[in-house]
Ligand SMILES: Cc1cc2nc3c(=O)[nH]c(=O)nc-3n(C[C@H](O)[C@H](O)[C@H](O)COP(=O)(O)OP(=O)(O)OC[C@H]3O[C@@H](n4cnc5c(N)ncnc54)[C@H](O)[C@@H]3O)c2cc1C
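Numbering (the working numbering), first residue to last: 58 to 870.
Printed below as a string of structure tokens:
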């Protein structure tokens, strides 16, 4: 078969992800698809995968993607005639200690929230299901009956056949060698056998995705790591339907295969492969057996299944797999290139993800928009930092090593830190800051009082910072605190068409006079919330945009992509130019008035306004906003002078007891005030109406904007879900998110955020209440609510207004 001169979509890579994407592009979108594989299909990482297929993840959308995989693997042979080897054996996860058991109780709750039936069972029940297992050390196990296993090569061949049946053309032995680019757009794919002009490229090149991406100037931050398992001889008494096992406390997993076991693990000392380019000729290849390294898994596996001591090993598989710095895979539209989409970095769950990842990636590539909230896997969660391959390697190895460790809430990574620090870093350290890291930035999470070690001590209950954060919280409510929020992402959007462009992109009304600010959402064509940010009008044709640290790449790309064609607009990322100090609390004005000659009274400087002022001789862009519900200003300062402003505020604020405050107090304050967090409370799956943010949308202005049509269709109609707050009186309840919401005993949703409100002295959760017939005010108010927290049902009260509203309690001058 000769290569065509043109294709609508070129998919690079014939592993499970490429074949699934080609299948869905052809089946669902009738696209003209060409798939190019440099060797033979499956010859990269796919052929040697162990084939365990789990479904539950901490994101509802990703769980949905994985569930889709299972459904596809179950039914694909009916369409293609080729088996996938799918066996619904179920999966047992073993717990050997109390913290793990708490983790499983939370996991079972998450499963229930996402509509899956996970059971918690006793060691005796485990023994019955898996008689060859040693169970004496178990506290219990979780049991998910719908998990299973499949044959990675068979699934891939079946998907490849399906893709061909729907018209896709698959070529083996064709290597992509480069791209013809026009500006930041690929116009043709160059191969060792000719060039193919195309409109869209999907990079599914597995561990090669990094170098294939680099050919188009894009960064795919993954790291190939050696991953090993062994296949044993037949074991007497092992059932062909034996459930797969994950034994995280022993860092191992097991699966039945032709009467023997496959077992492997996630060691704390993983071995990275190259940070350079992966060789092209790595077809059906493995590394040498490394029994020295594998011994740690062998010891643990024998302790769990003693029969293994007497059983021979048939084969060791030591193969490379792409892992990523946060353990999630990488999907979506590369920010650096207008038409390259990526599906790579599958962290040893590419077989489990393959079917669903191909489905959503095909949708994304064809419609230019993800079909659901895929933020946790979105390639735009990375930044320039991730171009550093050494940093990516170190963080990835840490993430790999944590694959089976207990996931404590609020846990921070340790590798590659500190990476980006604000000029206040040393000052805050002197105040005994305990830092966390976000997109490379060190940020104070909390401040340790004298006599307490400045360090997080993780646990499943209240952690060591609980009381100090409470003190910080109270300080902001009663006095004044200063937060270093320099890591905020900041852009300037300017040009003759700046206003017109933003008016189209923003759901809120940004056409306000100079000096005004707008809190706004950016919507997709479904009316879902793609971003949530503030826009300050600096001049007729110049705007300052501030958004969350982690959303820097994502939000900028979203804005840039949706500027109407032909507009004269430029977007500058000015994140590193401006440091940010948030001065918050009832005494904020008293402090600010002392350090500036500007009039900061409510009349001269009202809420939602921006002013250029001077503090200690430093020019400052002051934004009167708050995320804590108190009087306050965000002070944006030329970053090299932020130290001077911090010192001036700290000195002037002494009589008001000013103090630095960290991000954990910020979170508690915003929970009480009911501010929504993008990525959890509000996502592309939720409209502003559902989120209770309809007031921020310019429906009344007769002007078109992105997402308006979708909102118009639902405006005034009953909503199937609505955002609400919940309060728990039980002082011991710890909310971490994803707890199930029960209304009159029936599951109606789950928490998107959870935490503790120190002023009200109670745990607070937020989430969507769902009802197919509509969620009216009456429906919300009339129910009897409970939350399922770590598998236990606890009474809850619904809260439709902010739980603490200082504006209502204190009269502002
Ligand atoms: C030991 C081991 C055990 C595993 N066990 C499991 C498991 O139990 N469950 C699970 O879900 N996952 C498991 N995995 C992970 C799984 O194998 C991978 O996530 C999955 O195979 C990734 O598929 P892919 O399509 O992204 O990559 P690949 O299968 O590597 O496919 C990428 C393809 O791109 C081709 N390519 C690269 N560059 C070019 C180019 N320039 N031109 C043309 N073609 C190119 C390559 O030749 C390759 O075939 C395991 C992995 C390992 C290593």
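Note that the Cβ used here is the ideal one computed from N, Cα and C, for glycine as well.
CA-to-CA distance, residue 537 to residue 654, given in whole angstroms: So the alpha carbons of these two residues sit roughly 20 Å apart.
Bridge partners - residue 194, DSSP secondary structure assignment: Beta-bridge annotation (DSSP): residue 194 is not paired with any residue.
Close-in-space but distant-in-sequence residues of the same chain around residue 686 (CB under 6 Å, 5 per side omitted): Leaving aside the five residues that flank residue 686 on each side, the residues in its chain whose CB is nearer than 6 Å to its CB run, in chain order, 730, 863.
Burial state of residue 667, where buried means 16 or more other Cβ atoms lie within 10 Å: Buried: at least 16 other Cβ atoms inside 10 Å.
Residue 833 classed as buried or exposed, judged by whether at least 16 other C-beta atoms fall within 10 angstroms: Its Cβ having fewer than 16 others within 10 Å, residue 833 is exposed.
Residue span of the beta strand (DSSP E) that contains residue 635, given as start and end: In this chain, the beta strand (DSSP E) harbouring residue 635 covers 635-641.
Segment contact, 8 Å Cβ cut-off, at least three pairs: the stretch 576-585 with the stretch 646-664: Result no; under three Cβ-Cβ pairs closer than 8 Å.
Extent of the continuous beta strand (DSSP E) to which residue 145 belongs: Unbroken run through residue 145: none, as it is neither H nor E.
4-residue-minimum alpha helix (DSSP H) runs that sit fully inside the stretch 250-287, ordered along the chain: Fully enclosed alpha helix (DSSP H) runs of no fewer than 4 residues occupy 266-271 of the stretch 250-287, in order along the chain.
Cα-Cα separation, residue 492 to residue 144: Distance between the alpha carbons of residue 492 and residue 144 is about 46 Å.
Alpha-carbon spacing of residue 858 relative to residue 836, whole angstroms: Within the model, the alpha-carbon separation for residue 858 versus residue 836 is close to 16 Å.
beta-carbon residue 100 near ligand 1 non-hydrogen atom, thresh 7 Å: Correct: residue 100 has its Cβ closer than 7 Å to ligand 1.
As assigned by DSSP and simplified to three states, the class of residue 328: Here residue 328 sits in strand by DSSP.
Sheet register partners of residue 547 (DSSP bridge): Per DSSP, the beta bridge partners of residue 547 are 603.
Local conformation of residue 206 per DSSP, three classes: Of the three classes helix, strand and coil, the one that applies to residue 206 here is strand, per DSSP.
Proximal residues to residue 806 (C-beta, below 6 Å), its chain only, five neighbours per side dropped: These residues qualify, in order along the chain: 798, 824, 825, 826, 827.
Straight-line Cα distance separating residue 635 from residue 309: If I take the Cα positions, the gap works out to 47 Å.
Residue 377: CB within 7 Å of a non-hydrogen atom of ligand 1: At least one heavy atom of ligand 1 lies less than 7 Å from the C-beta of residue 377.
Residue burial classification, residue 312 (beta-carbon count within 10 angstroms, cutoff 16): Counting Cβ neighbours within 10 Å, residue 312 comes out buried, since at least 16 surround it.
Residue 94 Cβ short of 7 Å to ligand 1 heavy atom set: Under cutoff, so the answer is yes.
Outcome for residue 869 when other beta-carbon atoms lying within 10 angstroms are tallied against a minimum of 16: Summary for residue 869: the model assigns pLDDT 32, below 50, so the residue's position carries little reliability; its value from the coordinates is reported in the next sentence. So residue 869 counts as exposed.
heavy atom of ligand 1 below 7 Å from residue 351 C-beta: Every heavy atom of ligand 1 is 7 Å or more from the Cβ of residue 351, so no.
Residue 235 CB to nearest heavy atom of ligand 1 below 7 Å: In this structure, the C-beta of residue 235 stays at least 7 Å away from each heavy atom of ligand 1.
Closer than 7 Å: residue 286 CB and nearest ligand 1 heavy atom: Under cutoff, so the answer is yes.
Contact test: residue 108 Cβ vs ligand 1 heavy atom, cutoff 7 Å: Yes, ligand 1 has a heavy atom inside 7 Å of this Cβ.
Residue 70: CB within 7 Å of a non-hydrogen atom of ligand 1: At least one heavy atom of ligand 1 is nearer than 7 Å to the Cβ of residue 70, so yes.
Ordered list of alpha helix (DSSP H) runs contained in the stretch 712-790, each at least 4 residues: Runs found: 720-730, 765-771.
Residues near residue 385 by beta carbon distance below 6 Å, same chain, minus five either side: Within its own chain, the residues whose Cβ lies closer than 6 Å to the Cβ of residue 385, once the five positions on either side in sequence are excluded, are 433, 434, listed in chain order.
Environment of residue 193 [buried if 16+ CB atoms lie within 10 Å]: Flag for residue 193 reads exposed.
Reduced DSSP secondary structure (H/G/I, E/B, other) of residue 68: In this structure, residue 68 counts as strand in the three-state DSSP scheme.
Own chain residues within Cβ distance below 6 Å of residue 809, not counting five before or after: Only 737, 738, 823, 824 meet the Cβ criterion.
Test item: CB-CB of residue 551 and residue 599 under 8 Å: Closer than 8 Å, so yes.
C-beta atoms of residue 490 and residue 719 nearer than 8 Å: Taking 8 Å as the Cβ cut-off, residue 490 and residue 719 qualify as a contacting pair.
Alpha-carbon spacing of residue 621 relative to residue 241, whole angstroms: One C-alpha to the other measures close to 17 Å.
Heavy atom of ligand 1 within 7 Å of residue 405 beta-carbon: Ligand 1 has a heavy atom closer than 7 Å to the beta-carbon of residue 405.
CA-to-CA distance, residue 261 to residue 66, given in whole angstroms: Approximately 12 Å between the Cα atoms of the pair.
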